[in-house]
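Heads up: the structure comes next, in structure tokens.
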Amino acid sequence: MTALKPRAKPGPLSLNTATVREQWSLKDCIEGCARHGITGISPWRDKLAEYGIANAARHIREVGLTVTGLCRGGMFPAADAAGRQAAIEDNKRVIDDAAALNAQCLVLVVGGMPAGSRDLAGARAQVQDGIATVLEHAKAAGVPLAIEPLHPMYAADRACVNTLGQALDICDALGSGPADRHLGVAVDVYHVWWDPQLKQQIERAAKRVLAFHICDWLVPTTDLLLDRGMMGDGVIDIPAIRAMVEAVGYDGFCEVEIMSTANWWRRPADEVLKICIERHATVV
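Sequential numbering of the sequence shown, starting at 1, is according to the UniProt record's numbering.
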């Protein structure tokens, strides 16, 4: 079988603010993107709350950035009905925030099992029910929902949806077909690079690929959450995965999301952005 080849140049670069979260506020991130010529940004909710929705939306418009996503909604499973309802209300609020930012999608990190539970299937059912409950609110707000499957190491506490196949099963069950962009998936190479069904599931996703996140998997890795690598420093064949998403029509941003307590969060943020730009041009 002939391997897919990515386009000559990757899509434009977006900064997920997690990449410099320890160095910069959201205001700093917006100004840094403008200064370095990065045209996309994906804020996290805590930094957004610090700056304020109105301030952030105005500043982002002023410098001409595209909001490629808002991180994050989700976290649906809970031990009781009150907890599940609280998650629903929280997701409706963040959908409204995403709409105010004109975000291209709201990324859903769906949540793991409630504390003390061993019912993985039940947690996954709660996730599907939760997304179903907020989907009409998202459609009315014009905010596509992007389910982000996380690596199986997070199944218990962060995300019980761990493969693109599982995420797409939810999309299918809720009536999202291959051309429907109201509900789809975020493809984060850190979480899916290992999946032997990756190419087939990206083909199945088709137009439902709503976001493409890049970083690298280091060997050895010292922390499963906070030791992500810069593109090119690890073992992920990022151009191959980019070719897969491009083959189904994805022509959007490459969003760099690096969480790194021991390395990239310790460096000057301007240096980090310069290296992101270089690696985006050379190894993505």
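All C-beta atoms, glycine included, are put in the ideal place defined by N, C-alpha and C.
If you're wondering where the values come from, they're calculated on a predicted model, not measured in any experiment.
Per-residue burial, residue i [other beta carbons within 10 Å of its own, 16 or more giving buried]
i: Gln201; result: buried
i: Met230; result: buried
i: Thr282; result: exposed
i: Asn16; result: buried
i: Met1; result: With a pLDDT of only 46 at Met1, under 50, the local geometry of the prediction cannot be trusted, and the value read off the model is given with reservation. It counts as exposed.
i: Pro264; result: A small correction: the amino acid at residue 264 is Trp; Pro does not occupy that position in the sequence shown. By the neighbour-count rule (16 or more Cβ atoms within 10 Å), Trp264 is buried.
i: Asn91; result: buried
i: Arg21; result: buried
i: Val63; result: exposed
i: Thr222; result: exposed
Residue range of the unbroken alpha helix (DSSP H) whose run includes residue i
i: Asn55; result: Ile53 to Val63
i: Ala100; result: Ala81 to Ala100
i: Glu271; result: Ala269 to Thr282
i: Ala247; result: Ile238 to Ala247
Contact set for residue i: own chain, Cβ-Cβ below 6 Å, skip 5 residues either direction
i: Gln23; result: Ala269
i: Val235; result: Trp217 and Val219
i: Ala100; result: Ile53 and Ala57
i: His36; result: Leu273
i: Lys139; result: His182
i: Ile258; result: Thr19, Cys215, Arg228 and Trp264
Host beta strand (DSSP E) of residue i (start-end)
i: Asp172; result: Counting along the chain, Asp172 falls outside any beta strand (DSSP E), though it belongs to the alpha helix (DSSP H) covering Leu164 to Ala173.
i: His213; result: Val209 to Ile214
i: Arg72; result: Leu70 to Gly74
i: Gly32; result: Careful: Gly32 lies outside any beta strand (DSSP E), inside the alpha helix (DSSP H) at Leu26 to His36.
Identity of the residues DSSP links to residue i by a beta bridge
i: Ala138; result: In DSSP, Ala138 forms no bridge with anything.
i: Ala159; result: Gly111
i: Asn263; result: Its beta-bridge partners do not exist; DSSP assigns none.
i: Glu255; result: Ser14 and His213
i: Ser42; result: Asn16
Cβ-Cβ distance between residue i and residue j below 8 Å
i: Ala205; j: Val248; result: yes
i: Leu26; j: Pro43; result: yes
i: Pro10; j: Arg242; result: yes
i: Val256; j: His280; result: yes
i: Gly165; j: Val107; result: no
i: Pro178; j: Lys199; result: no
Proximal residues to residue i (C-beta, below 8 Å), its chain only, five neighbours per side dropped
i: Ala79; result: Pro114, Ala115, Gly116 and Ser117
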